[in-house]
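Numbering-wise, the working numbering puts 442 at position 122 of the sequence shown, and it's gapless, one number per residue.
Here's the structure we're looking at; comments come further down.
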Amino acid sequence: MAALDPLLAAWTRLGVRDTDLWARTVPGPRLADVEARLSAVPAPFVADEAAPLAIVRDCGIGGTFAAEALLGDARAAKGAAIAAWLIGSEDLYGPLDPPLAAGAAPLLVDALSLRLAPTADPLTWIGDAQRREEAARWSLLALGYRPAGEGIHDASSLLSSLDSLRRDAALAAVLEEQTHRQAVAAKLAEARAREATARYTRE
């Protein structure tokens with residue numbers, strides 16, 4: 321089986337499951353409004369010489385995220401910078417309803433730079449209608465939203481139909497296997513921790 325792209329491997333290590341993301345969503349902004357923000361990404365944000373970490377911090381996204389160690393990858397760098405633009409655009413154009421900045425911004429950086437960027441060139445999120453919709457839907461999901469007017473089932477089905485990763489059956493299979501291994505390892509670690517705690521309390 322083919323090796324998993326390093327960015328996707330980093331995404332699996334975060335232990336983020338799509339089902340968990342969908343379960344916590346609430347109605348969010350209109351999809352068209354998010355797409356409009358993506359179509360207006362300024363050229364300096366996605367220039368090869370851009371400093372994505374500085375952009376992310378300047379746009380008020382605090383904390384650490386897995387992408388920070390991988391920003392030597394141009395795909396991850398552009399994905400992180402576009403995520404920062406989405407949050408920062410609310411200062412320039414005004415907040416969406418509800419505001420994007422109210423969501424989980426560090427997870428947005430991870431989702432766009434680690435999950436989406438390896439399978440869909442970030443520059444296509446700006447100029448290609450389908451890839452822009454895919455990026456907008458992933459952005460909302462990472463921020464804890466689903467598009468206004470869509471229920472969980474419809475929103476998840478529509479994103480699945482656009483998912484660049486799912487269109488590559490071999491890559492999707494590798495990611496699924498890696499995610500499964502990660503989940504099993506996490507459960508084993510949790511069981512060992514419980515056992516160690518129980519043994520300590522008995523002693």
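For every residue, glycine included, the Cβ atom is placed at its ideal position computed from N, Cα and C.
In this structure, DSSP gives residue 466 an extended state, which the three-state scheme calls strand. Rounded to whole angstroms, the separation of the alpha carbons of residue 418 and residue 410 is 11 angstroms. Within 10 angstroms of the beta-carbon of residue 369 lie fewer than 16 other beta-carbons, which makes it exposed. Contact check for residue 406 against residue 451 fails: the beta carbons are separated by 8 angstroms or more.
Beta-bridge analysis with DSSP links residue 347 to 466. Close CB contacts of residue 404 within its chain, under the 8 angstroms cut and outside five residues either way in sequence, are with 365, 372, 375, 376, 378, 379, 381, 429 (chain order). Look at the region 440 to 485 and you find no whole run of beta strand (DSSP E) that is 3 residues long or longer.
Beyond the five residues adjoining it in sequence on each side, residue 466 comes within less than 7 angstroms, by CB distance, of 345, 347, 348, 460, 472, 475 in the same chain, given in chain order. CA-to-CA, the gap between residue 443 and residue 454 works out to about 13 angstroms.
In this chain, residue 362 is not harboured by any alpha helix (DSSP H), its DSSP state being neither H nor E.
Going by DSSP, residue 410 is part of the alpha helix (DSSP H) stretching over 394 to 413.
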